[in-house]
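**Q** Starting off with a structure, shown below.
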Amino acid sequence: MTTKPEMLSRIEATFSQLTPSEKRVGSWLLAHAAQIPFETAESIGQASGTSGITVGRFLRKLGYRNLEDAKKSLRDPYQPWGMNERLDSWQQQRPLSSRLQHALSLEVDAITQVYQLAQTDAFRQVVHNLAHADAVFVLGIQSTRGIANAFFSHLEYLRPRVSYSEGASGSWVESLNSGFSHPYVVLTDTRTYSAMARQYCRVASEKGIPLALITDIWCPWARDYPMDFTAGENRYRSLLGFACPRELSVQPAAVGRGGSAG
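Below you can see the structure in the form of structure tokens.
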């Protein structure tokens, strides 16, 4: 298990108190830790949709003099993410149109990022909770309802007491008042970042209900609540990219329960 650099820990610890612009910078830094040594304040500002001045001000707020000072904290033992595999030989044998080629590259990027995410402590915590919770509630929102339902279908074969809800007619209330001592909720929100999802996370946090939020790094409120948070960049909004975290978590969860749904 690798040691998380001090700068990333500081960002996570203060994220809920940051301004919207600072959250964009912080989210980008958390998702691109391996790239930081090669970036400038201006390039980070451009990538995060802010500015170099905002980046510098944010780093000083974290306690660093400038970006070079912040980079020193990344020299702790840390394993950077590897380069994405591009399926070069397959592409050479089967040429695609430029549009399809670009779409394929984005899909591969999204999936590769998820496999890298599966090596993190946050992902391992989600798997542990899926295996050992008294009951699991899977909630689907907007365009991710189908993926959430598929995850529910796989998980219910592997463990008892798994429920699915789309939130219609207030059906999420059951997950907030289930009566179980140790429930666990898995919630997905992407694209437009539903106000309903944010409200649910707030209420679940107030009730002390353990919750996993699967989203992308652009969700502006994802770190405002104490929960298991897994996010990839996924600007392409790839449905494959959002399906992968669930598929990767199912088998380890089954192993954690001894491979039996009973």
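Position 63 of the sequence shown, counting from 1, maps to 65 under the working numbering, and the rest follow consecutively. Backbone N, C-alpha and C fix where the C-beta goes; we use that ideal spot for every residue, glycine too.
1. Quick one: what's got a C-beta closer than 7 Å to ALA49's C-beta in the same chain, skipping five residues either side?
2. Once the 5 residues before and after THR16 are set aside, which same chain residues still bring their CB inside 7 Å of it?
3. Taking 7 Å as the cut-off, decide whether the C-beta atoms of THR122 and THR192 are in contact.
4. Determine, using beta-carbon pairs with one atom in the segment 120-138 and one in the segment 98-109, whether at least three such pairs fall under 8 Å.
5. For the alpha helix (DSSP H) that contains ILE13, what are its first and last residues?
6. Is ALA43 near GLY54, with beta carbons less than 7 Å apart?
7. Note down the Cα distance separating ALA197 from ARG59, rounded to an integer number of angstroms.
8. Is the beta carbon of VAL140 closer than 7 Å to that of PHE313?
9. Could you pull out every residue in the same chain whose Cβ sits closer than 7 Å to the Cβ of VAL205, ignoring the five residues on either side in sequence?
10. Can you look up SER50 in the DSSP assignment and give me helix, strand or coil?
11. For VAL116 and ARG163, I'd like the C-alpha separation in whole angstroms.
12. Going by DSSP, what residues sit across from ASP230 in a beta bridge?
**A** Checking against the coordinates, here is how it stands:
1. TRP30, listed in sequence order.
2. Counting only Cβ-Cβ distances below 7 Å, and skipping sequence neighbours, we find nothing.
3. No, Cβ-Cβ distance for THR122 and THR192 is not below 7 Å.
4. The segment 120-138 makes no contact with the segment 98-109; the number of CB pairs closer than 8 Å stays below 3.
5. In the DSSP assignment, ILE13 falls within the unbroken alpha helix (DSSP H) covering 8-16.
6. Yes; because the gap between Cβ atoms is below 7 Å, this pair is in contact.
7. The alpha-carbon separation between ALA197 and ARG59 amounts to approximately 29 Å.
8. Limits of the chain in this structure are 3 at one end and 264 at the other, which puts residue 313 out of reach.
9. Counting only Cβ-Cβ distances below 7 Å, and skipping sequence neighbours, we find LEU178.
10. Looking at SER50 - three-state DSSP - the assignment turns out to be helix.
11. When rounded, the distance between both Cα atoms is 27 Å.
12. ASP230 has ALA214 as its beta-bridge partners, per DSSP.
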